[in-house]
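Chemist: Residue numbering for the sequence shown follows my numbering, starting at 1 and increasing by one per position.
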Amino acid sequence: MGLHKEHMSYVEQHLKGEEAVPAVNGGFITIIKDGEDTFIANVPTFNMMAENHSDSTVENDEEFEDEDGQYIIYIWSSMYGVSWELTVKAKNTSEQLSLEKRLDTKYDEVY
């Protein structure tokens, strides 16, 4: 597997995600770096009054920074579930791939 393909596979498995269950009460996406919880982002409740998918979607974007880089997590909540994507910009560009490989995400729904 080429380096680019390996990188994209890792991003798809660890820095993006989705749950097919709607976040009726909201929830949280935990960003984990080196096995430790680093940041917690809020998952919004979708628009329950909407009649279709596009009208039900509510987005939340959150940013944070640490000694290794800058991070933005995009979260979409709709009547069909929750999806998210974490983008990463390493402060030292030569360490971009190694920083991404130290990260993971986890979704927790509020009941």
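Yeah, the Cβ is synthetic: ideal placement off N, Cα and C, and Gly gets one too.
(1) Work out the CA separation of Ile31 and Phe39 for me, nearest whole Å.
(2) By DSSP, does Thr45 sit in helix, in strand, or in coil?
(3) Can you grab the Cα-Cα spacing for the pair Ala23 / Ala90, in whole Å?
(4) Can you give me the C-alpha to C-alpha distance between Lys16 and Glu85, rounded to a whole angstrom?
(5) Let me make sure I understand the geometry here. Which of Glu63, Asp34, Val82 and Val21 has the alpha-carbon closest to that of Ser98?
(6) Tell me where the alpha helix (DSSP H) around Ser54 begins and ends.
Modeler: On the basis of the supplied data:
(1) One C-alpha to the other measures close to 5 Å.
(2) coil
(3) 31 Å
(4) 4 Å
(5) Asp34
(6) His53 to Ser56
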